Amino acid sequence: MKKLTSGMLLIISAIAHSQSLTQTIKGQITDEQSGSPIIGATVQILGSDPPMGGITDVEGFYKIEKVPIGRQTLGISYLGYESIVIPDVLIGAGKEVVMNAKLIESLQQLDEVVVTSENQEKGQPRNELATISAISLGMDEISRFPATFDDPARAALTYAGVQTGGDDLLNEIVIRGNSPKGILWRLEGVEIPNPNHFTAIGSSAGGISMLSNNMLANSDFFTGAFPAQYGNATSGIFDLQLRQGNFDNHEHAVQAGLLGIAAASEGPLSKNGRASYLLNYRYSTLALLTELGLDILGEEEDITFQDLSYKVRIPTKKFGSFSLWGLGGRNTYQFIPNESSGSWENDIEKQNTGAAGITNVYYVGEDSFFETIISGSYNQLKSVYDSLDVLTLESSDFIESQLRFSTYFNHKFSARHTMRIGTVLSRLGYNLNNTYWDRRADQFVTPLDEDDHAGFYQLFGNWQFRTSDRFTLNSGLHISHFALNGKTYVEPRLGFRWDRGSHAFSGGVGFHSRMETIALYTARQYQEDGSFVQNNKDLGFTQAFHSALGYEKMLQPKLRFKAEVYYQHLFNVPIWPNDTTSNYSQLTFSTLNTFDGYTTSELANNGKGKNYGVELTLEKFLTNGFYMLSTASLYKSTYTGSDGVERSTQFDGGYIYNFLAGKEFKIGSSGNNTLSLNGKLIFAGGKRQAPIDIGASINEGYTVYNYQENYELKLDGYFRMDFGISYRKNRKRTTSVISLDIQNLTQRENEFFRYYNVGQRRIESDSQISFFPNLSYRIEF
C-alpha cells in the first residue's frame, strides 16, 4: 500500500509539473477619436485551441483568464469598427498583462467583422493625430534591445535617422542631423525637465535615464513634422506615458544589477472599483563597477544616483478619472584626486530633479471629453570646482521650476470629423547663480545672478478629417508666446495618411520653434565700469520648417518596408552678430552645433541651416521567436554662421546603418522557459570638428584649432556591436529573468575628438567607452 501511494504521488507530481502555466490578460477598448469605451467588443487569442476570448463590459473592460504563457496574438473587433491585431504579446507567470487598445470607427457599413494580420498595430504611434515620422516605443521591445539598459533614448538609436551624440557615456541622440538640444520631453501629456541623471544646463540628455521600464507604457517617439498639439521642439519628441497599476491584484518586481537595485509594486487601492497604484524606486552606486575591475569611472571618481516614480489612478462616476503621477531623481558626481595622481582639481556636482502632476479626464457625453493637467517641476544643478589650495575656481547653482496648467477639449462630430483644441499656460521660475575666478582680472565674476519668473503660453487646435476608411487628413495650428521678451510664433501644421491596404503613403509639413535655456536669456556681460548688460534677453526662438513624405508596404504578413524622405529648413538660429568680431571661432559659431550651456556674449537670430535625407527601414515582426530590424539613412546637415559660409554641422556624419536581430528559444519540456539572444550593429559616419593647426599648436604649447575650416575634419566612422542574452524562467505565480547586456562587444575604440599632444609632438585621439557590461537579475511575483 505504501509503494502504491508513493507511485500515485509521483504520477500526480509529474502531471502537475507538465501542465502549462497560465496567466490573465485584461484591458480596456476605447474609440480612438472620442476616447469613449466600446461596449461588446470581442477580444480573441488568435490561434488558440480551444478558442479563447472575452467581451468588453459597459466600461469597455475585458478579461481573459487561463491564457497559456509565452507569446500570444490578440485580435480585437467590433461591428462598425475596423478590427486590429496586436501581435506577440509576452505573457509571463509572474504578472498579469494589461493590454489596452483603440478602435477606429469605419465609414462603411460592415455586415461581418474579419480580423486579418494586415491590421497589425505594430509600431503605430499612440497619438491618432500623428501621420509620419512617428513610432511607438514598446516596452517589451526596449527590454529586448541589447545595451539599452531600459532607456528610451538609447533604444531610439535603433531607428532610422537617429545616432549617438558622440559620447557613449551619455544617452544623447542626434535626430536627422539636428542638435540634441531641440528634443522635447513629455510625461503624461505635459512637458517635463530633462529626465536624466548627470545632465548639464540646457541639455536634453544625461548618463542614465530616471525612467524605469517597470513604469512605462507604450510611448511615442517623433523625428519630425510634429502634430499641432506639440510645441517647443525642433528636433524630436519623446511623448512618454506611465502605465496603470493592476486594479485587481497586488504584484511586485525586484531587480538587481551593476547599474543599481530597483523595486516596483502595484495593485488595487480598494476591493471595489478600479483604482490602482504603481510605484518604482531605484538606488545605485557605480563604484561597484570599479570593485569588479571595470575602470569605467576611474579610481578618483564616485557616482551615486537614486530615483522614484509613481502613478495613482482613481476613477469616479461623476467627475471622470483622476491620475496622480510623479518622477524624481537625485545624483552626485565627485572627483577627489589622490596623492599619486598629481592632479589639483576637486569637482563636486549635484542634481535634484522632480516633476509631479494631477490629470483629470472628464467625459461630456459619449463623443466629447476634457483632459486637464496641473503639474509642477523642479530641476537643480549645483557644482563646486576648486583647487587643492582651497581656492574656489567656479561655483554654480542653477534652479529652474515650472508650474503648468494644460487642458484640451476633444470632440468627435462623426466618424469623419474630430476636433481637438487646447492651451498650455506655464510659469517658468528661475534662480540662477554662477561665479568664477577671473585670472586676468584677479577677481570673482558673476555672469548669472537672477531670481525671477517668466510666462510661456501655448494654444493649439487640430482638425482630423477622414474622407474614407483609407484617407486621413490632420490640419492644425500651434501658437506660442514668450512673455519674457514678447515674442510670438504662429505655426501651421498639416499631415495626411493614405492607407491602401498592403501599402500606404503619408506626409507632413509644418513650422516649429524651440526656446533656448532661460540662462541664455538672462546671462550678464559686465562692462569696465562694473555695470552689466543682458545681451540676449530679446533673443528669439530657433525656428524650423519640416517636410516629409513616406511610403510603407507589407511585403509579407510580418515583414514591413518603410521609406521616408525629408527636408528641414532652420532659420532665426542664434549666431554671433555679423559686425562684432573677426575671430573665426565666433564667425563660425551656431547654436545648431551645441549640446548644452549658455553664453554671456551677444547673439543674433541671423543664422540658418538645413537637413535633408532619405531613410529606409525593413522590419520583420517577431515570428517563431525571430525578429529583425534593419535601417539605413543617408543625410546632409549644414548651417550658416555670421561669415555667410555654408558648412557641415558638427553632426553631419552622412550615413547611419543599424541592424538588430534576436531569437527566442523555448527551454524545457513544457516550454515555460525562454532563452533570448539579441544582437545589434551600428555603422555611422564620424562626427566633425575643426582641423588642428599643428604649427600654431607647437608655438603655443597647446592644441590650436583652425576655425576658418570649422567642421571640415571628419572623424573616423563609428562602429559598435552590442549583444544581449537573457534567460526567462516561469514558475507558478513568479517569473525570473537573468540577463547580460554588453555595449561595444568588440571593444572598438571609437574616436571622441582629436587633440595635439605637446609632449609627443603629434595629433592623438581620445576614445569613447570600449566595453561596458551590465549583468542583472529580475523577479516578478
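The opening residue of the sequence shown carries number 228 in the working numbering; numbering runs sequentially from there.
We treat Cβ as the ideally placed atom computed from N, Cα and C, and that holds for glycine.
For clarity, every value in this text was computed on a predicted model and none was experimentally measured.
Taken in chain order, the complete beta strand (DSSP E) segments of 3 residues or longer contained in the region 459-499 are 463-467, 478-484 and 487-495.
Between the alpha carbons of Ala911 and Glu978 lies a gap of roughly 12 Å. Assignment of beta-bridge partners to Thr645 by DSSP yields Lys639 and Gln691. Rounded to whole angstroms, the separation of the alpha carbons of Ala452 and Trp690 is 16 Å. The Cβ atoms of Asp276 and Ile265 do not sit closer than 8 Å to each other. Close CB contacts of Glu976 within its chain, under the 6 Å cut and outside five residues either way in sequence, are with Ser994 and Ser997 (chain order). The three-state reading of DSSP puts Leu306 in coil, since its state is none of H, G, I, E or B. If you compare the alpha carbons of Phe474, Pro495 and Leu414 with that of Gly553, the shortest gap goes to Leu414. Put simply, the backbone Cα of Gly434 is about 13 Å away from that of Asp377.
With fewer than 16 other Cβ atoms from the protein chains shown falling within 10 Å of its own Cβ, Gln783 counts as exposed.
Taking every protein chain shown into account, the CB of His705 has 16 or more other CB atoms within 10 angstroms, so this residue is buried.
Rounded to whole angstroms, Leu786 and Lys847 show a C-alpha spacing of 4 Å. By the C-beta criterion, the region 431-445 is judged not to be in contact with the region 754-767, since fewer than 3 inter-stretch pairs fall below 8 Å. Leu904 and Ser247 have their alpha carbons spaced roughly 24 Å apart. Along the length of the region 716-776, whole alpha helix (DSSP H) runs at least 4 residues long occupy 745-749, reported in chain order.
Classified as exposed, Lys544 has fewer than 16 neighbouring CB atoms from the shown chains inside 10 Å of its CB.
Residue environment: Ile282 is assigned as exposed (fewer than 16 neighbouring CB atoms within 10 Å of its CB, all protein chains considered).
Here Val294 is buried. Its C-beta has 16 or more other C-beta atoms within 10 Å.
Scanning its chain for C-beta atoms nearer than 6 Å, with the 5 sequence neighbours on each side dropped, one finds around Asn838 the residues Arg403, Gly404, Gln795 and Ser864, in chain order. Boundaries cannot be given for Tyr386, as no alpha helix (DSSP H) includes it and DSSP labels it neither H nor E. The alpha carbon of His708 has as its nearest neighbour, out of Asn459, Gln255 and Ser695, the alpha carbon of Asn459.
In its chain, beyond the 5 residues on either side, Gly880, Lys941, Leu942, Asp943, Gly944, Tyr945 and Glu978 have a beta carbon closer than 7 Å to the beta carbon of Gly913. For Ser963, the uninterrupted beta strand (DSSP E) run begins and ends at Thr961 to Gln970, by DSSP. Cα atoms of Leu317 and Arg298: separation of roughly 5 Å, rounded to the nearest angstrom.
The C-beta distance from Gly734 to Gly777 rounds to 7 Å, short enough to meet the 8 Å contact threshold.
In the displayed model, Arg697 falls within coil according to three-state DSSP, outside both helix and strand. Within 10 angstroms of the beta-carbon of Gly836 lie 16 or more other beta-carbons, which makes it buried. If you look at Ala455, you'll find it isn't in any alpha helix (DSSP H); DSSP assigns it neither H nor E.
In the three-state scheme derived from DSSP, where H, G and I count as helix and E and B as strand, Glu791 is classed as strand. Leaving aside the five residues that flank Phe950 on each side, the residues in its chain whose CB is nearer than 6 Å to its CB run, in chain order, Pro373, Gly906, Ile969 and Leu972. Taking the Cα of Phe683 as reference, the smallest distance to any Cα among Thr867, Gly494, Phe768 and Arg647 is reached at Phe768. A Cβ-Cβ distance of about 7 Å is found for the pair Thr962 and Arg955, placing them in contact under the 8 Å criterion. By the Cβ criterion, the region 804-814 is not in contact with the region 748-757, since fewer than three pairs of Cβ atoms, one from each stretch, lie closer than 8 Å. Under the criterion of beta carbons closer than 8 Å, Ala917 and Glu936 qualify as touching, at roughly 7 Å.
The three-state secondary structure of Leu942, taken from DSSP, is coil.
Taking 8 Å as the cut-off, the Cβ atoms of Ala746 and Leu686 do not count as close.
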